[in-house]
Amino acid sequence: MHWPEEQCVDIAGIINWHANYLGRRYGLEDLEPPLLVGHGTGAGLVYALLAQAPSLTFAGAVTDAPNAQLPFGVELCGISTAPGANGEITLNAAPISALWHVVGATPDDPLLHAIRESNPDNQPELVASSRFAKAAVRTLDALEAVHPPQSESITDLQVVELPARHPADTLAVIYSGDGGWRDLDKTIGGLLVEQGIAVIGVDAVRYFWRERSPARTAADLVRILEHYGSLWSIHRVALIGYSFGAEVLPFAYNRLPEEWQQRVVTVALLTRTHRQLRGHHLRLAGQGATTGPSRYCRNWPHSGRQGAVRIRCQRIRRESVHSARHWQHHSPRAPR
Numbered sequence: 000m001h002w003p004e005e006q007c008v009d010i011a012g013i014i015n016w017h018a019n020y021l022g023r024r025y026g027l028e029d030l031e032p033p034l035l036v037g038h039g040t041g042a043g044l045v046y047a048l049l050a051q052a053p054s055l056t057f058a059g060a061v062t063d064a065p066n067a068q069l070p071f072g073v074e075l076c077g078i079s080t081a082p083g084a085n086g087e088i089t090l091n092a093a094p095i096s097a098l099w100h101v102v103g104a105t106p107d108d109p110l111l112h113a114i115r116e117s118n119p120d121n122q123p124e125l126v127a128s129s130r131f132a133k134a135a136v137r138t139l140d141a142l143e144a145v146h147p148p149q150s151e152s153i154t155d156l157q158v159v160e161l162p163a164r165h166p167a168d169t170l171a172v173i174y175s176g177d178g179g180w181r182d183l184d185k186t187i188g189g190l191l192v193e194q195g196i197a198v199i200g201v202d203a204v205r206y207f208w209r210e211r212s213p214a215r216t217a218a219d220l221v222r223i224l225e226h227y228g229s230l231w232s233i234h235r236v237a238l239i240g241y242s243f244g245a246e247v248l249p250f251a252y253n254r255l256p257e258e259w260q261q262r263v264v265t266v267a268l269l270t271r272t273h274r275q276l277r278g279h280h281l282r283l284a285g286q287g288a289t290t291g292p293s294r295y296c297r298n299w300p301h302s303g304r305q306g307a308v309r310i311r312c313q314r315i316r317r318e319s320v321h322s323a324r325h326w327q328h329h330s331p332r333a334p335r
């Protein structure tokens, strides 16, 4: 298998991009995380995807017993591997991000045992069945029962929860870029949690899969704020938009009820220097939403205020942890 000449490959990101593309091509009304199915060598690939992907990228997986050797001549980003024979790599044990049913494996399987030891949250579940296809169908049915298509609670928004490690009264809501919850937005979320700030991530790809009006976007933001305001005793709010998220966030903020606008202490609009849409064609109904946040930053200064809220606009030259840590020094901080 030929890969680009890079230090490592984000294969989970590649698969996720194709899943999004196919969902758009075939006109799916909603974008749900896909179920991964792998047999033979594909079982090891599925394990690599589960180990590499952020939570909510995949709904779950069904495989037979995975082989730790993969025919890749390149490292996989974020996964510990060892070089093998004939250009193969050997996967080491790593935590997985979703439910994983393994058909026909034995409890003493060395790779599965090591994965269970490294992963207290999501454990591979052994399925005693000789019919692989039947196990896959049962898993899909179970996932649909756990995640119904419609819900009156906030589960239909598919947000990412990053609770603060200690009780705090500040919540940051981050709207991701058009690549979903996996780039600089995810990194900034993790850094804010380190500061004692609770974080809710909104995956723009899934949330804006259907065209959303500014009023609907604001109403859903209120649902998030009310839910976590009560659950986590939140009094202050920071709103952060990255790339596409920065384009839609001003529309949502301007339509918030006054009581919530008064709790917003920071609005941060972050954008890449040279923005390139990834082909998902996300749109906010009635708005172009393709020119970046610069039109709003002309009215909201680089570091200023609009009423009681502090506005920050910043272009990111390089999507890296270094850039995130540079922005972190200017981000809202939990009270000491």
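Just so you know, we're using numbering that gives the first Met the number 0 here: the sequence shown kicks off at 0 and counts up by one.
In this text, a Cβ means the ideal position worked out from N, Cα and C, and glycines have one as well.
The structure displayed is predicted, hence computed values, not measured ones.
Rounded straight-line distance, which links the Cα of residue j to that of residue i
i           : j           : result
residue 211 : residue 162 : 27 Å
residue 158 : residue 202 : 7 Å
residue 10  : residue 33  : 15 Å
residue 178 : residue 132 : 32 Å
residue 73  : residue 226 : 44 Å
residue 53  : residue 185 : 9 Å
residue 194 : residue 94  : 24 Å
residue 243 : residue 196 : 23 Å
residue 50  : residue 66  : 14 Å
residue 170 : residue 254 : 19 Å
residue 48  : residue 259 : 39 Å
residue 264 : residue 237 : 6 Å
Of the residues the options, the one placed nearest residue i, counting alpha carbons only
i           : options            : result
residue 110 : 172, 72, 46        : 46
residue 127 : 119, 137, 118, 120 : 137
residue 41  : 206, 260, 224, 68  : 68
residue 119 : 97, 76, 139, 188   : 97
residue 75  : 65, 89, 84         : 89
residue 55  : 104, 170, 204      : 204
residue 221 : 188, 234, 256, 29  : 256
residue 58  : 314, 85, 18, 25    : 18
residue 130 : 117, 102, 238      : 102
residue 39  : 64, 117, 77, 81    : 64
Cβ-based neighbour list, residue i, same chain, cut-off 6 Å, excluding 5 preceding and 5 following
i           : result
residue 240 : 174, 248, 268
Cβ neighbour criterion (16 or more within 10 Å) applied to residue i
i           : result
residue 232 : exposed
residue 141 : exposed
residue 60  : buried
residue 246 : buried
residue 107 : exposed
residue 229 : exposed
residue 13  : exposed
residue 164 : exposed
residue 261 : exposed
residue 105 : exposed
residue 27  : exposed
residue 21  : exposed
residue 85  : exposed
7 Å CB neighbourhood of residue i in its chain, flanking five on each side removed
i           : result
residue 113 : 92
residue 219 : 156
residue 336 : Outside the shown range of the chain (0 to 335) lies residue 336, about which nothing can therefore be said.
residue 135 : 36, 61
8 Å Cβ shell around residue i - same chain, five flanking residues per side excluded
i           : result
residue 223 : 153, 156, 158, 172, 199, 201
Nearest-angstrom Cβ-Cβ length linking residue i and residue j, presumed shorter than 8 Å
i           : j           : result
residue 168 : residue 209 : Incorrect: roughly 33 Å between the Cβ atoms, too far for contact.
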